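Per my numbering, the sequence shown starts with residue 279, numbered consecutively.
Beta carbons are placed, not taken as given, at the ideal position from N, Cα and C, and that holds for glycine.
Remember, predicted model here, so these are calculated numbers, not experimental data.
Everything below concerns the one structure shown next.
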Amino acid sequence: MPESVVAINRHPDDVLTSYVEQIKAADIDITLTDHILLDIWKKFVLLSGTSGITASTRQPLGVIRDDEDMRAFFYKLMRETIAVGSAAGVKFPPDFPAELDALVGGFAPMMKASMANDPDAGNRLELDWLAGKVVALGREYGTSRRLGRRRSTRFSSPTGWDGYVSAAETSIV
């Protein structure tokens, strides 16, 4: 996903436009957007899902993509965050599930979110800002947050994955 920037007053800004063009010239993926809230939520959906699944299973994304049950749980995590964002008023485009599929398919097989490495490194988990935020916002907007709570408690298990959903639930929509 490209980095996104927006003019605070939502009016054309020559300085910001010039900045974006300079960043693009340096081969950095960036876009000037009028929909910063949507862009933030899209990243949050992907980040909360990848951090939750790679940290709770202690597996890289390639293993998760190849295992029907882990993949199904991963997609349920992302759908849950989409539901929370939608309840908060975010209008996800109809093609967002396909965009997520492409992004997930494009990650290197050995990719793990940084939170997946934190327990081994003795670092504090980013749980409050990711899965915990999905839970808190789910409460605030009255959406289901069952998986978010499960994500939040899952990290205490040293044994790794034990499966939560069936392979029939792998669709993001």
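{"Check": "Go ahead and pull the three-state DSSP assignment for L324.", "Outcome": "helix"}
{"Check": "Go through the stretch 336-391 residue by residue and report every complete run of the alpha helix (DSSP H) that reaches 4 residues or more, in order.", "Outcome": "339-344, 346-365, 374-384"}
{"Check": "Is it buried or exposed for E299, if we count other Cβ within 10 angstroms and need 16 for buried?", "Outcome": "exposed"}
{"Check": "At the level of alpha carbons, what is the spacing between L378 and E418?", "Outcome": "25 Å"}
{"Check": "Give me the residue from L408, D305, A304, Y297 with the minimum Cα distance to V362.", "Outcome": "L408"}
{"Check": "Going along the chain, which residues of its own chain have a beta-carbon closer than 8 Å to the beta-carbon of D396, five neighbours each way excluded?", "Outcome": "A333, R402, L403, E404"}
{"Check": "L405 lies in the alpha helix (DSSP H); which residues open and close that run?", "Outcome": "Here L405 belongs to no alpha helix (DSSP H), and DSSP marks it neither H nor E."}
{"Check": "Span of the alpha helix (DSSP H) holding T295?", "Outcome": "292-303"}
{"Check": "Who are the Cβ neighbours of D373 in its own chain at under 6 Å, not counting the five residues just before and after it?", "Outcome": "none"}
{"Check": "Please classify T421: does DSSP put it in a helix, a strand, or coil?", "Outcome": "coil"}
{"Check": "CA-CA distance, M356 and D345?", "Outcome": "17 Å"}
{"Check": "If we count the other Cβ atoms within 10 Å of its Cβ and call it buried at 16 or more, is M393 buried or exposed?", "Outcome": "buried"}
{"Check": "Tell me, to the nearest whole angstrom, how far the beta carbon of V368 is from that of W319; I am working on the premise that it is less than 8 Å.", "Outcome": "5 Å"}
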